[in-house]
Amino acid sequence: MKETFFRSMTWLHTWAGLAVCWLLLLIFFAGSLSYFRHEISLWSKPELHKSVFQDYDQQRIGQQIAKGQAYLADKAPDAASWTISFPSERKPYLSFGWADEPKKGERRGKFHEHVISKDGQQIITEIRESRGGNFFYRLHFDLHYLPVVAARWIVGLATMAMLIALISGVVIHKRIFKDFFSFRPAKGSRSWLDAHNVSAVMALPYHLIITYTGLITLMFMFMPWGALQEYDGDVRAFRADLNPARIQAKPSKEAAPLIEATSLLHQIQQQWDAAPLKQVSISAPGKDNSRISFALNSEQTVTDRRNLLIFDGVKGELISKADPDSATYKTYDTLMALHTARFADWALRGFFFLCGLLGCAMVATGTLLWAVKIAQKQQKAIQSGTEPTVGLRLVDGLNISFICGLPLATAIFFYANRLLPLYMVDRPQREVDAFFITLAVIALVALWDGLRGAQSWRRWRQWLLLGTLAFAALPLVGAVTSGQSLLANMIDNQWTLVGFDMVSLLFALALGFAARQVRQSKLINPRQSATSPRTDTARAGRASVVRATRPNTSAMTRETRDGDLEEVRQ
């Protein structure tokens with residue numbers, strides 16, 4: 082503990098955030114993109130951009146189910162499961178899909194999806210494989226290359242550190258509302274502190290909610306003892322009660338005729354009236370333990386759960402109505418919905434996306450503030466010609482790697498989606514590799530620059546400009562590879578694709594603005610934050626003139642100024 086409570090909380094805020102800052106930046110960035118994962122996935126499959134988009138049609142549900150069941154019975158009679166997905170706001174197309182039997186060591190079998198044209202006359206089977214937006218969704222809590230359990234423990238611990246940093250930040254922020262309106266550019270560490278404060282305060286409720294609910298998503302991994310005690314260690318029984326739809330029937334070799342799924346529609350109407358359906362899933366088709374599940378489309382309700390009606394696939398009897406109504410489940414479900422925002426329309430998801438980017442800005446400005454403070458402590462040594470310490474070089478290199486690298490790597494991921502050969506082996510993984518290879522290259526260049534003492538602000542500007550060009554050209558590459566330009570998408574009312582291109586251009590503008598600011602101020606370079614003697618002399622002269630001409634400050638003003646200085650020092 083430090084000598085005062087304020088200094089103790091400041092120390093806790095600093096090190097709780099810095100211990101995981103670059104990992105948090107990755108989590109925030111990938112999580113922000115996840116709000117539009119379905120839209121990104123749609124963009125990543127240009128084969129679906131013509132004559133496919135359609136609206137949900139209640140009058141054609143029976144016809145679509147019958148056609149889908151017949152098609153899947155002919156195309157994949159031995160599949161582990163069949164799926165008929167109806168058009169929705171975020172996935173505006175009808176598709177028939179099936180999952181193969183999982184191979185040894187696999188949790189799930191490979192999933193295949195064929196999409197039906199708008200007029201129902203064509204079935205599009207040649208669709209490029211891509212993880213699309215699901216890559217960013219899984220990345221922000223699975224970290225991709227790591228084992229799932231280990232990755233979620235790492236993400237969970239980082240989230241705990243984030244919650245500690247947020248709470249301690251509120252405690253030490255004496256003028257939280259005043260500083261919301263304060264930004265003083267070109268003032269060294271004071272400017273970075275202002276930027277850190279503004280980005281944190283503007284979206285503080287969001288930051289608290291998203292961090293706390295992120296921990297809730299992992300609660301059964303961190304604290305499983307209550308459930309294990311109640312169910313005597315039977316995890317499968319616990320999961321069956323929590324979400325019956327996730328428990329799959331055991332494989333069976335006994336053949337049995339599958340009923341027509343359309344014959345169950347009258348029971349569906351009795352339960353849900355004319356509510357829209359999301360999909361129909363048939364597990365173990367052609368076996369005596371087959372199940373037919375109807376999922377309700379609940380996009381417009383504040384919930385993350387899946388309302389299901391599960392029927393026996395041979396007898397047609399209602400087996401389960403997966404609609405938990407306990408207060409505990411509803412509380413958990415609501416918190417999950419707040420984290421995922423699956424209930425939100427495009428405008429609210431856009432707001433969450435902006436708040437997520439503010440979270441990225443909060444973490445990035447915190448790391449830059451730290452780098453500037455380290456450079457100020459080494460000011461005399463740097464001015465005398467001594468090279469910065471290894472710690473400062475490492476911090477500077479990591480800042481460049483993640484702050485510049487994440488946007489550029491994302492753009493490269495999208496380029497890989499459009500430019501890699503369509504029939505490349507393991508194509509989705511190659512797209513992901515392109516993302517991480519870009520990050521690795523930027524990190525290696527940044528660390529090499531640090532070893533040889535190169536000026537890092539030039540490298541900042543180069544990477545930012547490269548990111549600007551990459552995002553600016555992305556709509557053009559999309560138009561060439563899909564045959565649908567931005568203007569054509571506007572005319573066809575394909576606003577999902579229009580939105581992707583517009584956001585790409587906005588990213589290009591933001592990165593271009595950042596590159597311009599780096600060139601003008603050079604404050605991004607910690608070594609430049611150590612002011613030269615000439616600059617110190619001129620600043621001291623101006624300060625003396627100001628002191629000679631202004632009236633004496635009050636005790637309250639001096640206290641406020643001292644608080645500012647204390648906050649910067651910490």
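For this note's numbering, add 81 to where a residue sits in the sequence shown, where the first one is 1. All C-beta atoms, glycine included, are put in the ideal place defined by N, C-alpha and C. Predicted model, so just to flag it, every value in this text is computed and none were measured.
From the options, residue whose alpha carbon lies closest to that of residue i
{"i": "F375", "options": "I363, A589 and L220", "result": "I363"}
{"i": "I121", "options": "L590, A232, F588 and T577", "result": "T577"}
{"i": "V236", "options": "T294, L501 and L568", "result": "T294"}
{"i": "W451", "options": "R88, V282 and H94", "result": "H94"}
{"i": "R430", "options": "L104, T412 and G112", "result": "G112"}
{"i": "W538", "options": "L114, V599 and G564", "result": "V599"}
{"i": "S211", "options": "G98, E128, M90 and V316", "result": "E128"}
{"i": "D514", "options": "L175, A318, G314 and F216", "result": "F216"}
{"i": "P338", "options": "A442, H288 and A365", "result": "A365"}
{"i": "K359", "options": "D138, K131 and L587", "result": "D138"}
{"i": "A154", "options": "S401, T519, I400 and G367", "result": "G367"}
Straight-line gap, residue i to residue j (C-alpha atoms, nearest Å)
{"i": "F653", "j": "G580", "result": "With the chain represented from 82 up to 651, any question about residue 653 goes unanswered, as that position is not in the structure."}
{"i": "F109", "j": "K126", "result": "25 Å"}
{"i": "A527", "j": "T448", "result": "16 Å"}
{"i": "F483", "j": "L532", "result": "18 Å"}
{"i": "A422", "j": "Q459", "result": "45 Å"}
{"i": "I493", "j": "F222", "result": "21 Å"}
{"i": "I455", "j": "A490", "result": "28 Å"}
{"i": "D414", "j": "R118", "result": "20 Å"}
{"i": "I349", "j": "T206", "result": "30 Å"}
{"i": "N370", "j": "E398", "result": "12 Å"}
{"i": "L106", "j": "A497", "result": "23 Å"}
{"i": "Y116", "j": "L104", "result": "19 Å"}
{"i": "F434", "j": "Y218", "result": "13 Å"}
{"i": "D354", "j": "A336", "result": "33 Å"}
{"i": "M583", "j": "E341", "result": "45 Å"}
{"i": "R189", "j": "T91", "result": "47 Å"}
{"i": "G307", "j": "W234", "result": "19 Å"}
{"i": "D617", "j": "L274", "result": "Confidence at D617 is low in this model, with a pLDDT of 42, below 50, so its placement is unreliable and the value that follows should be read with caution. Cα to Cα, the separation comes out at about 21 Å."}
{"i": "P168", "j": "I291", "result": "29 Å"}
{"i": "S280", "j": "M243", "result": "15 Å"}
{"i": "G486", "j": "T164", "result": "38 Å"}
{"i": "R256", "j": "F432", "result": "26 Å"}
{"i": "T684", "j": "W124", "result": "A question about residue 684 goes unanswered here, because the residues of the chain that appear run from 82 up to 651."}
{"i": "T562", "j": "R499", "result": "7 Å"}
{"i": "Q144", "j": "Y174", "result": "15 Å"}
{"i": "P502", "j": "Q510", "result": "13 Å"}
{"i": "T298", "j": "A232", "result": "14 Å"}
{"i": "F517", "j": "A97", "result": "26 Å"}
Identified DSSP bridge partners for residue i
{"i": "R372", "result": "S364 and D393"}
{"i": "K402", "result": "L390"}
{"i": "W576", "result": "The partner list for W576 (beta bridge, DSSP) is empty, contrary to what the question assumes."}
{"i": "S162", "result": "A180 and S364"}
{"i": "L358", "result": "L377"}
{"i": "L175", "result": "I197"}
For residue i, the three-state DSSP class (helix, strand or coil)
{"i": "T91", "result": "helix"}
{"i": "V133", "result": "coil"}
{"i": "F192", "result": "strand"}
{"i": "G250", "result": "helix"}
{"i": "G98", "result": "helix"}
{"i": "A336", "result": "strand"}
{"i": "T412", "result": "helix"}
{"i": "I290", "result": "helix"}
{"i": "I205", "result": "strand"}
{"i": "L438", "result": "helix"}
{"i": "L501", "result": "coil"}
{"i": "S610", "result": "In this prediction, S610 scores a pLDDT of 48, lower than 50, which makes its location untrustworthy; the coordinate-derived value is nonetheless stated afterwards. Three-state DSSP puts S610 in a helix."}
{"i": "E128", "result": "helix"}
{"i": "S566", "result": "coil"}
{"i": "F581", "result": "helix"}
{"i": "E84", "result": "coil"}
{"i": "E120", "result": "helix"}
{"i": "Q459", "result": "coil"}
{"i": "H420", "result": "helix"}
{"i": "Y312", "result": "coil"}
{"i": "K148", "result": "helix"}
{"i": "R219", "result": "helix"}
Closer than 7 Å: residue i CB and nearest the ligand ADP heavy atom
{"i": "V230", "result": "The ligand ADP is absent from the structure shown, which contains no ligands of any kind."}
Cβ of residue i within 8 Å of any chain C Cβ
{"i": "P286", "result": "Among the chains in the structure shown there is no chain C, since it carries only a single protein chain."}
- prompt: Touch check for the region 543 to 553 and the region 241 to 253: three-plus C-beta pairs under 8 Å?
  reply: no
- prompt: Does the region 221 to 228 come within contact of the region 199 to 206, defined as at least 3 CB pairs closer than 8 Å?
  reply: no
task: Could you tell me whether the region 339 to 347 touches the region 387 to 401, where touching means 3 or more Cβ pairs closer than 8 Å?
output: yes
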